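The structure appears right after this line, and notes come after that.
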Amino acid sequence: EKQEGATPELYLENLLRDHLGTAQLSQMFLVERAHRIPSRQPPPGAPPRTMIAKILNYRDRDAILRLMRTKEDLHVGDAKIMIYPDYTMEVQRQRAKYAEVRKRLRDKGILYSTIFPAKLRVVDGNNTRFFVTPQEAMDWLERR
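Have a look at this one:
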């Protein structure tokens with residue numbers, strides 16, 4: 001909290017370049033806008049407020065998301081930094097429909113991921129399956 005000073009865009013650019021390496025990002029890498037979610041400042045010791053940023057180039061955005069999945073965790077002080085893509089409300093609703101299936105897959109130790117916009121990929125041993133509806137995935141899980 002408050003480490004970004006008066007220029008959160010520059011702070012995030014430097015943080016991401018330092019963590020991900022400049023070779024992974026374009027020479028024109030730029031955080032167009034960045035700000036914290038407006039709310040009260042958290043008390044000392046509490047996690048910092050969420051920061052929202054818009055990356056100018058979609059290729060840099062995709063590279064950042066891909067690299068964050070493969071690199072070790074990013075920390076600033078004691079705070080772990082997590083980066084997520086921003087989805088429309090409709091896409092969020094579609095993805096939320098898979099919540100129960102994802103919970104059951106997690107409980108059974110089965111690897112899965114959600115593919116944009118709202119498709120479920122399940123890795124079962126050497127087989128990879130794709131489901132376009134939560135019911136289809138649930139039916140497969142119950143037959144398994």
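So in the UniProt record's numbering, spot 12 of the sequence shown is number 12, and the numbers just go up one at a time. The C-beta atom is built at its ideal place from N, Cα and C for all residues, glycine as well. Only a predicted model underlies this, so the values are computations on that prediction, with no experimental measurement involved.
Contacting residues, own chain, Cβ-Cβ under 6 Å from residue i (five flanking each side not counted)
i: R36; result: R49, M51
i: L67; result: L20, Q24
Anticipated Cβ contact below 8 Å, residue i with residue j, distance rounded
i: K54; j: E90; result: Not really, about 20 Å apart at Cβ, beyond 8 Å.
i: L74; j: H19; result: 5 Å
i: L120; j: T114; result: 6 Å
i: E9; j: A34; result: 5 Å
i: I64; j: I83; result: 6 Å
i: W140; j: F130; result: 11 Å between Cβ atoms; not a contact.
i: V122; j: A137; result: 7 Å
Simplified DSSP state of residue i, which is helix, strand or coil
i: A23; result: helix
i: T50; result: coil
i: A79; result: strand
i: Y87; result: coil
i: N14; result: helix
i: I64; result: helix
i: D73; result: coil
i: V132; result: coil
i: R33; result: strand
i: K97; result: coil
i: R121; result: strand
Contacts around residue i, its chain only, beta-carbon distance under 7 Å, and the 5 residues preceding and following it disregarded
i: G21; result: none
i: K108; result: none
Sub-7 Å separation of residue i and residue j beta-carbons
i: L12; j: D60; result: no
i: P134; j: V101; result: yes
Cutoff 8 Å; reference residue i; Cβ partners in own chain excluding five residues on either side
i: R95; result: Y87, T114, P117, A118
i: L15; result: L74, V76, I81
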